[in-house]
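A.B. asks: For the sequence shown, numbering that gives the first Met the number 0 begins at 0 and goes up steadily by one. Just so it is clear, CB atoms sit at the ideal spot from N, CA and C, and this is done for glycine as well. Quantities reported herein were computed from a predicted structural model and do not represent experimental measurements.
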Amino acid sequence: MAKGIIIKESLKDNIIPYEDAIGIQLEYEHLLGGTEKVHVIRTETPNDILDQVIGELSKAIRSYGFYCHFVDDPFIHVVFHNCVYTIEKGNKDTFVKCREIGKIFGIPEEQMKFEKMFEKDHPNE
Numbered sequence: 000m001a002k003g004i005i006i007k008e009s010l011k012d013n014i015i016p017y018e019d020a021i022g023i024q025l026e027y028e029h030l031l032g033g034t035e036k037v038h039v040i041r042t043e044t045p046n047d048i049l050d051q052v053i054g055e056l057s058k059a060i061r062s063y064g065f066y067c068h069f070v071d072d073p074f075i076h077v078v079f080h081n082c083v084y085t086i087e088k089g090n091k092d093t094f095v096k097c098r099e100i101g102k103i104f105g106i107p108e109e110q111m112k113f114e115k116m117f118e119k120d121h122p123n124e
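#1: Could you check which residue in 72, 23, 14 and 111 has the C-alpha nearest to that of residue 58?
#2: Over the uninterrupted alpha helix (DSSP H) stretch that includes residue 56, give me the two end residues.
#3: Could you tell me how far apart the beta carbons of residue 67 and residue 84 are, in whole angstroms, since I believe they sit closer than 8 Å?
#4: Taking C-beta to C-beta, are residue 125 and residue 20 nearer than 9 Å?
#5: Using a Cβ-Cβ distance under 9 Å, would residue 33 count as near chain D?
#6: Where does residue 101 fall in DSSP's three states?
#7: Pull the bridge partners of residue 83 from the DSSP assignment, please.
#8: CA-CA distance, residue 27 and residue 9?
#9: Can you tell me which of the three DSSP states residue 118 falls into?
#10: Express the C-alpha separation of residue 1 and residue 105 in angstroms, rounding to a whole number.
#11: Grouping DSSP H, G and I as helix and E and B as strand, with all else coil, what is residue 42?
#12: Would you say residue 75 and residue 116 are within 9 Å of each other, going by their C-beta atoms?
In structure tokens, the structure reads:
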């Protein structure tokens with residue numbers, strides 16, 4: 000199972016692809032960047048549908064300012080608009096490259112603490 004974090008407001012129509020299959024564990028409010036109230040959805044997605052879910056989310060996510068991610072240790076799959084990048088635990092180059100991609104999509108660097116996401120949903124807290 001891959002543990003996913005999706006911000007509902009990041010989705011174009013607030014519709015979660017494969018909603019019935021991804022295993023929503025928890026929904027809660029969070030202050031994104033300490034200022035913007037968003038609704039976070041924590042999931043446990045079966046590995047046999049993970050690629051399909053990620054592919055559909057990359058189409059459904061807004062084109063600027065958001066990403067979602069799935070921790071499938073030793074990997075994190077980061078989903079941007081029409082772009083998915085896989086980070087490998089311990090491979091610093093993949094973390095650096097993912098942050099470079101995130102900047103293209105307008106993600107502030109302080110919201111991309113991918114190294115800590117293996118242990119914590121929101122590393123900034």
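C.D. replies: For this structure:
#1: On the sequence shown, residue 58 is found 59 positions in, with the first residue counted as 1. Taking the Cα of residue 58 as reference, the smallest distance to any Cα among 72, 23, 14 and 111 is reached at 14.
#2: As a first step, residue 56 must be located in the sequence shown, where it is residue number 57. Start and end: 46 to 59.
#3: Within the sequence shown, the letter at position 68 stands for residue 67. Within the sequence shown, the letter at position 85 stands for residue 84. In fact, because the Cβ distance is near 12 Å, the residues do not count as touching under 8 Å.
#4: Only positions 0 to 124 of the chain appear in the structure, and residue 125 is not among them; the question remains open.
#5: The structure shown contains no chain D, having only a single protein chain.
#6: Taking the first residue of the sequence shown as 1, we reach residue 101 at position 102. Helix at residue 101.
#7: As a working note, residue 83 is residue 84 in the sequence shown. According to DSSP, which records beta bridges pairwise, residue 83 is partnered with 78.
#8: Here residue 27 corresponds to residue number 28 of the sequence shown, with the count starting at 1. Here residue 9 corresponds to residue number 10 of the sequence shown, with the count starting at 1. Distance between the alpha carbons of residue 27 and residue 9: 14 Å.
#9: Stepping through the sequence shown from its first residue, residue 118 is reached at position 119. Taken through DSSP and simplified to helix, strand or coil, residue 118 comes out as coil.
#10: In the sequence shown, counting from the first residue as 1, residue 105 sits at position 106. In the sequence shown, counting from the first residue as 1, residue 1 sits at position 2. Near 25 Å, if we compare the C-alpha coordinates of residue 1 and residue 105.
#11: Reading the sequence shown from its first residue, position 43 is the one you call residue 42. Residue 42: strand per DSSP, three-state reduction.
#12: Translated into positions along the sequence shown, residue 75 becomes position 76. Translated into positions along the sequence shown, residue 116 becomes position 117. In this structure, residue 75 lies near residue 116, with their beta-carbon atoms less than 9 Å apart.
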